[in-house]
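Positions in the sequence shown are counted from 1; adding 150 to them yields the numbering used here. Ideal Cβ positions, reconstructed from N, Cα and C, are used throughout, including at glycine. Because the structure is a prediction, the values reported are computed rather than measured.
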Amino acid sequence: MASLIEAKRIVVKIGSALLVEDGKLRAKWLKTLAEDVADLRARGVDVVLVSSGSIALGRSGLALGGGVLPLEQSQAAAAVGQIRLARAYEEALEPHEITTAQVLVTLEDSANRRRYLNSRATLEQLLSLGVVPIVNENDTVATDEIRYGDNDRLAAQIAVTIGADVLVLLSDVDGFYSENPKENASATRYDVIEAITPEIEAMAGDAGTGLSKGGMKTKIMAARTATAGGAAMAITLGAPNNPLKRIDNGARCTWFTPETDPQAARKRWIAAMKPKGALVLDAGAVGALKRGKSLLPAGVTEVSGRFGRGDPVGIEGPDGTQLGHGLTRYTADEARAIKGQRSDRIEAILGYPGRAALVHRDDMAL
């Protein structure tokens, strides 16, 4: 994929140095980014923005000055800056009649299956409503993320979580080079990288700006995650106006090709998990699953094992035939309580509202 023309779902990572200059928001640049996002939305493309900048904006508001901040001051700056960051995106996209939402996450949210599924469900719902989520690390509590600058990898995790087909990292360089082009003018830029080899990894350097804590090493790590999850990834220069439109107009960048498509990658991941229990279905439910439907509680006749929300379970037919694996949205005890029941009875049985599907079709590998 050498452009965004065929993309259906895009994640864009914006670094602090692109958004903030001398302690102030680059409002004119952000306005042109909003124009690009509006153009993509008009083509029916889902867009998620993973944005740094809360600490950079907050430290200016608190007059904390330059240099490396102690952890506590970084967290305080993030708390102040998150409000300013969210407002800046809202004001930039509002003229295009685009609703924004702030979503604060950490890499830990993708490691815990229950939190992963909750994050995924929230993002999917926002996208279905035409919202552009603005995702940021929850720097007020995520100490490791502040110290090591993981927004490149966070963006890759978000891309995999929502099944994006493209991840764009807006950077301070126009692609991946064999050496740091600022130090060696003869460094070679790669147009396409089809495999991340040890040689490619060895070429990656460290961060190059004072505000940005990510470097080419984190971008290579992000590429590994994104391409394994089925997303193509582009590294391109972000500072010029309309940075996304520039990609379609032939701007220099490096593309990392995906290993598979997003849906196949997700199914493969689920299929490889070891089930912690099993759900036995009636014939009607088996037929519904084969038609691409989700698994509802009404179609479950037996529940075995001990599992929590987000855990993998085996899915079996009436005769015990293994149909596949899925990630359950209920615990084993909850599943036993609602098996065989209509979804509109879930709240009455459990005492609280739940999701209609026991296992959603997107969380199933048959």
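Just to check my reading of the structure: residue i and residue j have Cβ atoms closer than 8 Å, yes? What is that Cβ distance to the nearest angstrom?
i      : j      : result
Asn286 : Ser204 : 6 Å
Thr315 : Ile420 : Rather than Thr, the amino acid found at residue 315 in this sequence is Asp. Rounded, the Cβ-Cβ distance is 19 Å, inconsistent with contact.
Glu466 : Leu431 : 7 Å
Asp186 : Lys395 : 5 Å
Gly490 : Val453 : 10 Å between Cβ atoms; not a contact.
Ala188 : Ile248 : 6 Å
Pro393 : Leu243 : The pair is not a contact, with the Cβ atoms about 15 Å apart (cut-off 8 Å).
Lys440 : Val463 : Lys440 to Val463, Cβ: 18 Å. No contact.
Gly165 : Ser202 : 5 Å
Thr478 : Leu500 : Between Leu500 and Thr478 the Cβ distance is about 14 Å, and since that is not below 8 Å, they are no contact.
Pro408 : Gly380 : 5 Å
Check the DSSP bridge columns for residue i and list the partner residues they point to.
i      : result
Phe326 : Tyr340
Gln252 : Ile284
Thr386 : Leu320, Cys403
Lys174 : Glu171
Ser559 : This structure cannot speak to residue 559, because the chain is shown only from 151 to 516.
Asp474 : Here the sequence assigns Gly to residue 474, which means Asp is not the residue at that position. Note: Gly474 sits in a beta bridge opposite Ile465.
What would DSSP say about residue i, mapped onto helix, strand or coil?
i      : result
Asp196 : strand
Lys363 : Per-residue confidence for Lys363 stands at a pLDDT of 40, beneath the threshold of 50, marking its modelled position as unreliable; no derived number is given.
Gly437 : helix
Ala184 : helix
Lys443 : coil
Gln225 : helix
Glu466 : strand
Leu267 : helix
Thr451 : strand
Leu277 : helix
Gly215 : coil
Arg159 : strand
Gly427 : strand
Lys417 : helix
Ile350 : helix
Leu154 : coil
Glu333 : coil
Asn262 : coil
Pro412 : helix
Leu304 : helix
Arg459 : coil
Glu240 : helix
Leu207 : helix
Asn245 : The residue you asked about is not Asn; residue 245 is Pro in the sequence shown. DSSP places Pro245 in helix when its eight states are reduced to three.
Ala378 : helix
Arg190 : Note on identity: in this sequence residue 190 is Leu, with Arg being the wrong assignment. Correct three-state label for Leu190: helix.
Pro314 : Note on residue identity: the sequence assigns Ala, not Pro, to residue 314. Here Ala314 sits in coil by DSSP.
* Does the count of Cβ pairs from the region 385–401 and the region 317–331 closer than 8 Å reach three? -> Yes: at least three Cβ pairs fall under 8 Å.
* Taking 8 Å as the threshold, find out whether the region 256–274 comes into contact with the region 303–315 through three or more Cβ pairs. => A contact between stretches requires three or more CB pairs, one per stretch, nearer than 8 Å, and the region 256–274 meets this requirement with the region 303–315.
* alpha helix (DSSP H) runs wholly inside the region 478–514, at least 4 long, in chain order -> Within the region 478–514, the alpha helix (DSSP H) runs of at least 4 residues that lie entirely inside it are, in chain order, 482–488, 496–500.
* contact_flag[the region 328–347, the region 392–411] where n(CB pairs < 8 Å) is 3 or more -> Taking 8 Å as the limit for Cβ pairs, the verdict is that the region 392–411 does touch the region 328–347.
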